[in-house]
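Here the working numbering runs 90 ahead of the position in the sequence shown, where the first position is 1.
Notes for the one structure printed next.
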Amino acid sequence: MDKGSPQQSAISTAAIFGASGGIGRALAETLRQRGVHVWAGSRSTPDTKLSGAAAFRFDLTDENSIKAAAGQMRDNPPQLVIAATGILTLADGTGPERSYRKLDPQTMMEVIQLNTVGPAIIAKHMLPLLPRNSRSIFAALSARVGSITDNGLGGWHSYRASKAALNMLLKNFAIELGRTHKQAIIAGLHPGTVDSELSRPFQSNLPDGQLSRPGDAASQLLDVLDGLTPADSGRIFAYDGQRIAP
Ligand SMILES: NC(=O)c1ccc[n+]([C@@H]2O[C@H](COP(=O)([O-])OP(=O)(O)OC[C@H]3O[C@@H](n4cnc5c(N)ncnc54)[C@H](OP(=O)(O)O)[C@@H]3O)[C@@H](O)[C@H]2O)c1
């Protein structure tokens, strides 16, 4: 994070894509608690427990649903958009590959469609709603394992590649949007290892204290976003504010 005076959040309206997920739901709830109007998007039935949020439906694999969601928000557009979706284990139970021998074209395409193409299409339809002359943020949940520099272990081929490609797109969008929206920030976020459906199959060997609660991760991520400046646009940050090398 660029040092300097932390930005006070000028966010009155936010949109969370993936509000049914472990982290997405916690982000939506935390924003509501902070007095922010929340557009809460999921592909399943809108969650009535998220009181006060305006529910919308979308599917990452259906561009029209994302376009329609953006259209719904046109009258009360968000200054903060978070793509909190993502996949590690596919719906049919296929887990991340440990070896190149396990690569399957169909699996690779599905992971990249959900983790890379989906958030990019959310950006395509949501970036035009961001204000031109005031602070705005588009963030996507990425992962530290998407860092090529940080990759010491290998494995999880499709997931790592999908997040590395997402990080590249976020950088590209930051450059493009920065030409017209001087106060806009585009950021990738690593939430830490968070207790959710996504991490559940991989929690057994974690050192004590490494697994965080979704609510704690959400608060940390929102605080990180609050402290970013336009000079940070295009970068990836962890939950503790540390910048992650691409
Ligand atoms: N949890 C961790 O430890 C961890 C660590 C590093 C990075 N991350 C990243 O954080 C993000 C969120 O993870 P999480 O832990 O909150 O996972 P999660 O609880 O499994 O939530 C995933 C979300 O993605 C949504 N989604 C999946 N496919 C979709 C589709 N086709 N259309 C619309 N929505 C779809 C799910 O919707 P449904 O409810 O409809 O399935 C759900 O809302 C992911 O990008 C993940 O890579 C998580």
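Note that the Cβ used here is the ideal one computed from N, Cα and C, for glycine as well.
- Between the segment 183 to 199 and the segment 128 to 135, the count of C-beta pairs closer than 8 Å stays below three; the two stretches do not touch.
- In this structure, N205 is the residue among R191, N205, R122, L150 with its C-alpha nearest to the C-alpha of G278.
- Counted as a single uninterrupted DSSP element, the beta strand (DSSP E) harbouring L231 occupies residues 226 to 231.
- DSSP, reduced to helix, strand and coil, places H127 within a strand of the structure shown.
- Note that the C-beta distance between M216 and S248 is not below 8 Å.
- DSSP, reduced to helix, strand and coil, places F263 within a helical segment of the structure shown.
- Positions of the beta strand (DSSP E) runs, each at least 3 residues long and wholly inside the segment 165 to 249, are given as 170 to 173, 226 to 231 in order along the chain.
- At a cut-off of 7 Å, the beta-carbon of E287 counts as near ligand 1: some heavy atom of the ligand is closer than that.
- Three or more Cβ pairs drawn from the segment 270 to 286 and the segment 226 to 240 lie within less than 8 Å of each other, which places the two stretches in contact.
- Here P168 is near A105, since their CB atoms are less than 8 Å apart.
- In this chain, the beta strand (DSSP E) harbouring G278 covers 274 to 280.
- For D322, the secondary structure class from DSSP, reduced to helix, strand or coil, is helix.
- Residue range 144 to 147 is occupied by the beta strand (DSSP E) that includes A144.
- Between F228 and V171 a beta carbon distance of about 5 Å is seen, short of the 8 Å cut, so the two are scored as contacting.
- At the C-beta level, S309 and A274 stay beyond 8 Å of one another.
- Of M163, V284, L193, P209, the smallest CA-CA separation from G305 is found for V284.
- In the structure shown, the three-state DSSP call for T120 is helix.
- With a threshold of 16 other beta carbon atoms within 10 Å, E119 meets it and is buried.
- Between the alpha carbons of S102 and K157 lies a gap of roughly 22 Å.
- Relative to the non-hydrogen atoms of ligand 1, the Cβ of T197 never comes closer than 7 Å to any of them.
- Residue nearest to P218 within the set G161, L121, K253 is G161 (criterion: CA-CA distance).
- In the displayed model, A251 falls within a helix according to three-state DSSP.
- Not one heavy atom of ligand 1 is found less than 7 Å from the C-beta of D313.
- For the pair G244 and A251, the Cα-to-Cα distance works out to about 11 Å.
- The Cβ atoms of A255 and I202 lie closer than 8 Å to each other.
- Residue burial is scored here from C-beta neighbours: D322 has at least 16 other C-beta atoms within 10 angstroms and is therefore classed as buried.
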